[in-house]
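There are 2 protein chains.
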Amino acid sequence: MAKDITPRDQDYARWYTDVVTRSTLADYSPVKGCMVIRPHGTALWENMQRGLDGMFKATGHENAYFPLFIPKSFLAREAEHVEGFAKECAIVTHTRLKATEIDGRRTVVPDPDSRLEEELIVRPTSETIIYSMFARWIQSWRDLPILLNQWANVVRWEMRTRLFLRTTEFLWQEGHTAHATHEEAIDEARRMLEVYRTFAEEWLAIPVLTGTKTDSEKFAGALTTYCIEALMQDGKALQAGTSHDLGQNFARAFDVKYQDASGRWEHVWNTSWGVSTRLIGALVMCHGDDDGLVLPPRVAPVQVAIVPIWRSDAQRETVLAEGRALRDRLAARGLSVRLDERDNVNPGFKFADWELKGVPLRLELGPRDVESRQVVAVSRLDRTKTPCAWDGLEDAVASLLDRLQAELLDRARERRDAATRDVETRDEFVEALADGGFVRARFVPDAEVEAQIQQETKATVRLIPFDEPDDPGPCVWTGRPAQRRAVFARAY
Amino acid sequence: MAKDITPRDQDYARWYTDVVTRSTLADYSPVKGCMVIRPHGTALWENMQRGLDGMFKATGHENAYFPLFIPKSFLAREAEHVEGFAKECAIVTHTRLKATEIDGRRTVVPDPDSRLEEELIVRPTSETIIYSMFARWIQSWRDLPILLNQWANVVRWEMRTRLFLRTTEFLWQEGHTAHATHEEAIDEARRMLEVYRTFAEEWLAIPVLTGTKTDSEKFAGALTTYCIEALMQDGKALQAGTSHDLGQNFARAFDVKYQDASGRWEHVWNTSWGVSTRLIGALVMCHGDDDGLVLPPRVAPVQVAIVPIWRSDAQRETVLAEGRALRDRLAARGLSVRLDERDNVNPGFKFADWELKGVPLRLELGPRDVESRQVVAVSRLDRTKTPCAWDGLEDAVASLLDRLQAELLDRARERRDAATRDVETRDEFVEALADGGFVRARFVPDAEVEAQIQQETKATVRLIPFDEPDDPGPCVWTGRPAQRRAVFARAY
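Residue numbers (our numbering), protein chains in the order written: chain A, 1 to 492; chain B, 1001 to 1492.
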């Protein structure tokens, strides 16, 4: 059955868009750069939220909700911050529409009398508004640390957008914390990056590198940005999450101070960290194939699809009755399972449909299976078929799903490792970057050099890996003495 | 201990604000009309979301997410709709800030070159953007019904705001559905109102009336608005949820059509329905007292607070050790429980603090309790003390919480019923409305008469109750023959 999906090797970008839209994860909206997240995509995001939220709470964080709007003057208070976001923000200037006629046609226009004294920016991120509240809430060292997280929508006016990967509005979480010492803040920022790494690998089955951004790639207003970076099947990198040591930059801008045990007033130390619906794009591009989505069982909205097969009406009734019983048993085990009872499409269509939607496991149930009291489990990963007896089906299915989750991560890690190379010379470097993948090369971070490299190779420093032993030698680009390797790639 | 809460009978409005801010549900923000929902309020809202979301899914709905922005022309397409929202909307006109100097001071202003061709409205509600997508997704009768819900933030530019009750930005859910027939749409709108009634009464312990709004109070663009109305302790009504039969108004405006089984194209029939963080305001005002919040166990972020009591260090260790064991047992039962280990405040302070935060049950655990292997459970409702043996504590606490949940609803219902009166004459009507409460009077709905009544009594028709037997007689205001009673009240 044709699914209208462009094959990956024909046009990867097209393949991506086809998979996202045909699998009904998302759709384009009439608002430029904004997308509609459809029920399949929303359920996936909710599962991801649940996983992350549990990890945030287990590390002592609480959720809160801050205003959508940020006064212009707040954004402007931290110099690098406003510089970073000024060129891509939605600005609210009026609060009423009034009816009028233009060229004899009735329409509505912003009422000039409703012009705001100070414009409001739709939050591109919430450091400024949140730390202005911290300034009210924090007095003593006893009030620290403050460990908050917010689930919210944010807006960054992007010129070139792609579903999930880069949209004007997106959904995310942003953690915001305040600490008494810089050391505590760094620990927090690193701890949350580790939460992201764990989530990416154990929930999404996406292997990631962890490390530090160079200054030219760090968050506008941060001292240091840590990140997780994943590799997509086309050899391009994707920044999947960031965690920032903000130092006292915002504490100074918003006068966030605490009185220490000895009575002295000190500025607090902040961190912020976030992941977004972009992770859905990463999921699609890391695991998907020419038949559609492939979703890891831990976050799949539907983990098991039962497809009944019949020829006669009598068979239909028997097969459906048994299918319902099996569905109920698997659901009672806590699995997300659907029985596909549609009678206007054939089993082949249903197979393809559930494959397109990325359901990890399909159970085929025909009259002969009913007779032998079994089902045939088909893996979305490689279509491996495993006959499973009805007795003990819950355990068999749960263990197939566990295995599939592990296989997905293994496959992605093998791909990633196979596409990661150490290079020594500039020629090797340029060639490797053109081939795609992660390229590890000795480098001395320098904004000008990075700009030149990007100009000539379209690649950027993705990160400087944590905790690597020193590996001195000449910088791959300038020949200057370098102490370690940075990881380069072309990136989304 | 002074909690700085104004007593209700001294200044009810002040009491409300004191309770909301002191209990740390929410705080004012630097953005006019917008509030910060603090962790206690956010956890409460998340519990309410979980309850409602389960009920939406049990009635066949799926979640989706649509853009924050609505093109101006979309809002304008349904005449009554734009009329209803034009005077209170946040309008985005620019997408870049640029640096400049004003009076020698560096600042940023909207870059005139980034003026949008068509202004975007921050959604006050999402009918228009959602039904424009329905037009793409719906072709055949097989695509119906569509049953969606969205959890989102919305913005209505309110001039006079109050925490939770009326804020410029608020959080809510909006259900949006499309059906093949008007009958199905009406059934859906009524079904979801019943979900709201069940949720208000069984989860929030807030008794509500259900019925229909008069035309002058209905949603802008609806054929009919159904609602649930609650009564607060000061005798004012609060609209706690609405469900709209939208007829084909939006289907016509956005050309949402389906082909029926015979091949004919027909417009769909829509419903929408929503409740918001306003429900938190209702909770506060329905159950709270001069000591603070009183939260129903089913939605309380903390259901049980264990307050350990000690004099000596030796006692402290024993009491805390036993307290932790009891906490872990109750948590294992699925209860949300905190052991208050703070050692910089005394037990009296802790009692007052957990009362302020509305925790339904407090367990007092002192050295003598440890000796006799019991705790004293204190109800937040009326400070009733119930000694509970450690053996079987889980069951005892669960059943105390169940009883408390039921008592809260009973108490609220008694108050509501005691403040509900049938009146026959205009004098009685005016007097009763001045006293507060629900006033039931025969009435012939009429926008002009309603405006006059509001002018003279500050009261509005809250609803016309469902399914009441005919009760003919003269309209309380005009003397015209009326068939039934409407419910009037002054309202939030």
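Ideal placement from N, C-alpha and C gives every residue a C-beta, glycine not left out.
Host alpha helix (DSSP H) of residue i (start-end)
i	result
A/Asp27	Unbroken run through A/Asp27 is the beta strand (DSSP E), Ala26 to Tyr28; no alpha helix (DSSP H).
B/Ser1132	Glu1127 to Trp1137
A/Gly51	Pro39 to Ala58
B/Glu1184	His1182 to Thr1198
A/Pro347	Pro347 to Leu356
B/Thr1006	Run containing B/Thr1006: none; DSSP gives neither H nor E here.
A/Thr17	Tyr12 to Arg22
A/Thr457	Ala447 to Thr457
C-alpha gap between residue i and residue j, whole angstroms
i	j	result
B/Leu1147	B/Ala1189	11 Å
B/Ala1002	B/Asp1291	Here B/Ala1002 scores only 48 on pLDDT, less than 50, and its place in the model is too uncertain to base an answer on.
A/Pro124	A/Val155	5 Å
A/Pro301	B/Val1031	38 Å
A/Gly247	B/His1244	50 Å
A/Gly175	A/Met48	16 Å
A/Arg162	B/Phe1250	29 Å
A/Leu209	B/Phe1351	49 Å
A/Ala240	B/Glu1468	58 Å
B/Ala1432	B/Thr1242	26 Å
A/Asp369	B/Ile1130	44 Å
B/Met1159	B/Ala1086	14 Å
B/Phe1429	B/Arg1442	10 Å
B/Pro1308	A/Glu127	38 Å
B/Ala1079	B/Arg1252	12 Å
A/Thr100	B/Ala1076	12 Å
A/Thr177	A/Lys458	35 Å
B/Cys1089	B/Trp1157	5 Å
B/Phe1496	A/Ala325	There is simply no residue 1496 of chain B to check, as chain B begins at 1001 and stops at 1492 in what is shown.
B/Gly1366	B/Glu1341	13 Å
B/Arg1413	B/Asp1004	29 Å
B/Thr1107	A/Ser216	24 Å
Beta-bridge partners of residue i, as assigned by DSSP
i	result
A/Gly292	A/Asp289
B/Lys1385	B/Val1378
A/Phe69	A/Val122
B/Val1337	B/Val1304
B/Leu1238	B/Ala1230
A/Thr210	A/Ile228
A/Gly473	A/Ala482
A/Thr161	Answer is none; A/Thr161 lacks a bridge partner.
A/Glu62	A/Leu148
A/Arg442	A/Arg485
B/Glu1463	In the sequence under discussion, the amino acid at residue 1463 of chain B is Leu, which differs from the Glu named in the question. The partner list for B/Leu1463 (beta bridge, DSSP) reads B/Val1487.
Boundaries (first-last residue) of the beta strand (DSSP E) holding residue i
i	result
B/Glu1083	It is not in any beta strand (DSSP E) - B/Glu1083 instead sits in the alpha helix (DSSP H) that spans Ala1079 to Phe1085.
B/His1176	Glu1169 to His1179
B/Phe1488	Arg1485 to Ala1489
A/Lys98	Leu97 to Ile102
B/His1094	Ile1091 to His1094
B/Glu1223	Correcting the residue identity first, residue 1223 of chain B is Leu in this sequence and not Glu. Neither: B/Leu1223 is in no beta strand (DSSP E) and is coded neither H nor E.
B/Pro1110	Arg1105 to Pro1110
A/Val155	Ile146 to Val155
A/Leu361	Leu361 to Leu365
A/Arg373	A/Arg373 -> no beta strand (DSSP E), and no H or E assigned at all.
A/Arg142	Taken as a continuous stretch (DSSP letters only), A/Arg142 belongs to no beta strand (DSSP E), as it is neither H nor E.
* Residue ranges of each alpha helix (DSSP H) run of no fewer than 4 residues wholly in the segment 1395-1438 of chain B, ordered along the chain? -> If we require 4 residues or more, the alpha helix (DSSP H) runs fully inside the segment 1395-1438 of chain B come out as 1426-1435.
* Where are the alpha helix (DSSP H) runs, 4 residues long or more, that stay fully inside the segment 246-331 of chain A, in chain order? -> Annotation note: the segment 246-331 of chain A contains the following uninterrupted alpha helix (DSSP H) runs of length 4 or greater, listed N- to C-terminal: 249-253 and 278-287.
* Contact between the segment 1034-1045 of chain B and the segment 469-487 of chain A: three or more CB pairs below 8 Å? -> no
* To do: For the segment 483-492 of chain A and the segment 425-437 of chain A, state whether three or more C-beta atom pairs, one from each stretch, are separated by less than 8 Å.
  => yes
* To do: Check whether the segment 1312-1319 of chain B touches the segment 1254-1265 of chain B, taking contact to mean three or more Cβ pairs, one atom from each stretch, closer than 8 Å.
  => no
* Asked: Using 8 Å as the threshold, is the segment 1393-1406 of chain B in touch with the segment 1446-1454 of chain B, meaning 3 or more CB pairs across them?
  -> no
* Asked: Does the segment 1277-1284 of chain B come within contact of the segment 1193-1208 of chain B, defined as at least 3 CB pairs closer than 8 Å?
  -> yes
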